[in-house]
Amino acid sequence: MAEEKQLTGACREEDMPPPGVGPQAPAEDDREDTCESSKKQAAKSSPNLLKMLKAAESRWSPHQSQNGTKEGVTEALKTDMQIQLSEQKQEFNKRPIKAVPRTLSRSISQSSNDSFSSMGSDCSEDEASPRNKVQKTSKGTSDFCIKNIKQADFGRREIEIAEQEMPALMVLRKKAEGEKPLAGAKVVGCTHITAQTAVLIETLSVLGAQCRWAACNIFSTQNAVAAALAEGGTCVFAWKGETEDDFWWCIDRCVGADIWQPNVILDDGGDLTHWLSKKYPSQFKNIRGIVEESVTGVYRLYQLSKASKLCVPAMNVNDSVTKQKFDSLYCCKESILDGLKRTTDVMFGGKQVLVCGYGEVGKGCCGALKALGAVVYVTEVDPICALQACMDGFRVIQLSEVVRQVDMVITCTGNKHVVVREHMDRMKNGCIVCNMGHSNTEIDLVSLRTAELRWERVRPQVDHIIWPDGRRIVLLAEGRLLNLSCSTVPTFVLSITATTQALALIELFNAPEGRYKQDVYLLPKKMDEYVASLHLPSFDAHLTELTSEQAKYLGISKHGPFKPNYYR
Numbered sequence: 036m037a038e039e040k041q042l043t044g045a046c047r048e049e050d051m052p053p054p055g056v057g058p059q060a061p062a063e064d065d066r067e068d069t070c071e072s073s074k075k076q077a078a079k080s081s082p083n084l085l086k087m088l089k090a091a092e093s094r095w096s097p098h099q100s101q102n103g104t105k106e107g108v109t110e111a112l113k114t115d116m117q118i119q120l121s122e123q124k125q126e127f128n129k130r131p132i133k134a135v136p137r138t139l140s141r142s143i144s145q146s147s148n149d150s151f152s153s154m155g156s157d158c159s160e161d162e163a164s165p166r167n168k169v170q171k172t173s174k175g176t177s178d179f180c181i182k183n184i185k186q187a188d189f190g191r192r193e194i195e196i197a198e199q200e201m202p203a204l205m206v207l208r209k210k211a212e213g214e215k216p217l218a219g220a221k222v223v224g225c226t227h228i229t230a231q232t233a234v235l236i237e238t239l240s241v242l243g244a245q246c247r248w249a250a251c252n253i254f255s256t257q258n259a260v261a262a263a264l265a266e267g268g269t270c271v272f273a274w275k276g277e278t279e280d281d282f283w284w285c286i287d288r289c290v291g292a293d294i295w296q297p298n299v300i301l302d303d304g305g306d307l308t309h310w311l312s313k314k315y316p317s318q319f320k321n322i323r324g325i326v327e328e329s330v331t332g333v334y335r336l337y338q339l340s341k342a343s344k345l346c347v348p349a350m351n352v353n354d355s356v357t358k359q360k361f362d363s364l365y366c367c368k369e370s371i372l373d374g375l376k377r378t379t380d381v382m383f384g385g386k387q388v389l390v391c392g393y394g395e396v397g398k399g400c401c402g403a404l405k406a407l408g409a410v411v412y413v414t415e416v417d418p419i420c421a422l423q424a425c426m427d428g429f430r431v432i433q434l435s436e437v438v439r440q441v442d443m444v445i446t447c448t449g450n451k452h453v454v455v456r457e458h459m460d461r462m463k464n465g466c467i468v469c470n471m472g473h474s475n476t477e478i479d480l481v482s483l484r485t486a487e488l489r490w491e492r493v494r495p496q497v498d499h500i501i502w503p504d505g506r507r508i509v510l511l512a513e514g515r516l517l518n519l520s521c522s523t524v525p526t527f528v529l530s531i532t533a534t535t536q537a538l539a540l541i542e543l544f545n546a547p548e549g550r551y552k553q554d555v556y557l558l559p560k561k562m563d564e565y566v567a568s569l570h571l572p573s574f575d576a577h578l579t580e581l582t583s584e585q586a587k588y589l590g591i592s593k594h595g596p597f598k599p600n601y602y603r
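Residue 85 in my numbering sits at position 50 of the sequence shown, with consecutive numbering throughout.
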């Protein structure tokens, strides 16, 4: 085809100067030299062109006029071009047409199978539940339930990449590996199972703990990472795309009441704590404490404490400074855009977006959306947060005031029924609805499971809810946590939270009897500051030290803590 294009460009008739126009016509010898030069030049462009020129010459009568000569050569060239194109077309038609698509299809399929990232790994896998599979690691162990143990090598690479961005946990491994502060600890965990949490889990193991793990979200598990954890010896019960029944089955298997007695709980959302208290209440006799990360789980703990039903100490990591001011803010600030782009390919410039809640998560979401040109509105119940939103340049309104005009609604409250059927009935066609809180209770999904509404799955974790009149809304991740269900999160920020969780576990497990009662506690500020200090070398940051006079003036130690325990 390249030869055909070059040939066509070299022989277009309109490119030849008309007779008698332009400079003085060349002499006969000059014309022959020019013709010979043209032949050589054309031969460089196309190997077949010289043969065609000679064939054309043989059909050209030497008694024709100069004008006739050019026209004759041109016509002869055209004839030969048509012959050649016809022959090439016939040759092309003889080739197997499906050969290229088949090769391309195989290439695409192979590429898909070779990639096991959090988004791409699950598209090429079968939908059969792993509960029906019998799998074993290379060491012959089978106390786990994941999607595919063969993905372990890919998951290991994901974990190794995450380790590079989680410096504090790596430092903690080196400093405490010899002491084994978690020797004897049996940690049962229920968190998102990603490369970042895998680094945390394996850090706990290095520090001496035995770990069994389940997922706190049915969509956030990275299957390859779960496989790597299982291959490494951690008992994992999780896979991406679990059903509700699978979710509770995995938690029950994770607890392993028949073969194992946990003594520390690491929870994210309170589901594991709830399941233990409901089905295995006797196990709390052996449990030294609970570490809870999410706002939803913390609410549940405070409710239990208020009702005098909390029977072990609990550490509230969610309200620690290192969680609120870093994970909740910066993690959501970057991941909200990633989640929306991956699922909808939406452009943010000029879009009207309503963010429900202006806590640290809401602040991060609003800041990111505003930076890309979106018009952002905020709903709030707390006058302090509402005032912050106003002074940050956002208009604080009620959902019902703008529900007809906004292009996106994002919930970030940690509450329930923030967006209900009444609101969704009034939304504009194509409005995107999603949640950045931990639980899927913020959007009233039950009200959408009715006969008159039709659900249409258009992409993984993307559903169109279609009304009888044809209007539709776009629901992401079935109302569950958008960023971890549909995208990834920045590893470095999660390093801060994971280190805080590890220190909280060490504190609860090693605390002398009587230090912590059956109540909910905040992490000591000294520990918050230690976590922050472990991450400063990554930025080549150098702290200023107080002088003795300055420390005395402030009434604090030169080495901290620099904030009181009530500071948030």
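Ideal Cβ positions, reconstructed from N, Cα and C, are used throughout, including at glycine.
Anticipated Cβ contact below 8 angstroms, residue i with residue j, distance rounded
i	j	result
residue 168	residue 274	The Cβ separation is near 10 angstroms, so there is no contact.
residue 286	residue 302	So it is not a contact: roughly 10 angstroms between Cβ atoms.
residue 283	residue 248	Not quite, the Cβ-Cβ distance comes to about 15 angstroms (not below 8 angstroms), so this is no contact.
residue 388	residue 445	7 angstroms
residue 409	residue 469	At roughly 14 angstroms, the Cβ-Cβ gap does not stay under 8 angstroms, so residue 409 and residue 469 are not in contact.
residue 221	residue 271	Actually they are not in contact, since the Cβ atoms of residue 221 and residue 271 sit about 15 angstroms apart, beyond 8 angstroms.
residue 517	residue 500	About 16 angstroms separates the two Cβ atoms, so there is no contact after all.
residue 327	residue 349	6 angstroms
residue 556	residue 351	7 angstroms
residue 231	residue 526	5 angstroms
residue 591	residue 566	Not a contact, Cβ separation roughly 19 angstroms.
Per-residue burial, residue i [other beta carbons within 10 Å of its own, 16 or more giving buried]
i	result
residue 570	buried
residue 321	exposed
residue 585	exposed
residue 605	Lying before the first or after the last residue shown, residue 605 is absent from the chain, which here runs from 36 to 603.
residue 458	buried
residue 492	exposed
residue 357	buried
residue 294	exposed
residue 118	Confidence is the limiting factor: at residue 118 the pLDDT is only 47, short of 50, which leaves the residue's position unreliable and the question unanswerable from this model.
Helix, strand or coil at residue i according to DSSP, with G and I counted as helix
i	result
residue 372	helix
residue 397	helix
residue 542	helix
residue 258	helix
residue 302	strand
residue 551	coil
residue 387	strand
residue 365	helix
residue 486	coil
residue 492	strand
residue 310	helix
residue 470	strand
residue 357	helix
residue 404	helix
residue 377	helix
residue 187	helix
residue 434	helix
residue 448	coil
residue 135	With a pLDDT of 37 at residue 135, under the threshold of 50, the modelled position of that residue is not reliable, and the figure given next carries that caveat. DSSP places residue 135 in helix when its eight states are reduced to three.
residue 603	coil
residue 537	helix
residue 264	helix
residue 345	coil
For residue i, the first and last residue of its enclosing alpha helix (DSSP H)
i	result
residue 332	330–341
residue 280	279–290
residue 518	517–521
residue 327	No alpha helix (DSSP H) contains residue 327, which is instead part of the beta strand (DSSP E) from 324–327.
residue 566	560–570
residue 458	456–460
residue 426	418–426
residue 576	That residue, residue 576, is in no alpha helix (DSSP H); it is neither H nor E in DSSP.
residue 480	Taken as a continuous stretch (DSSP letters only), residue 480 belongs to no alpha helix (DSSP H), as it is neither H nor E.
residue 586	583–589
Limits of the unbroken beta strand (DSSP E) element including residue i
i	result
residue 272	270–272
residue 439	Residue 439 -> no beta strand (DSSP E), and no H or E assigned at all.
residue 412	410–414
residue 510	507–511
residue 349	349–351
residue 497	497–501
(request) Taking only runs that begin and end inside the segment 189–245, name each unbroken alpha helix (DSSP H) of 4 or more residues, in chain order. (result) 202–211 and 230–241
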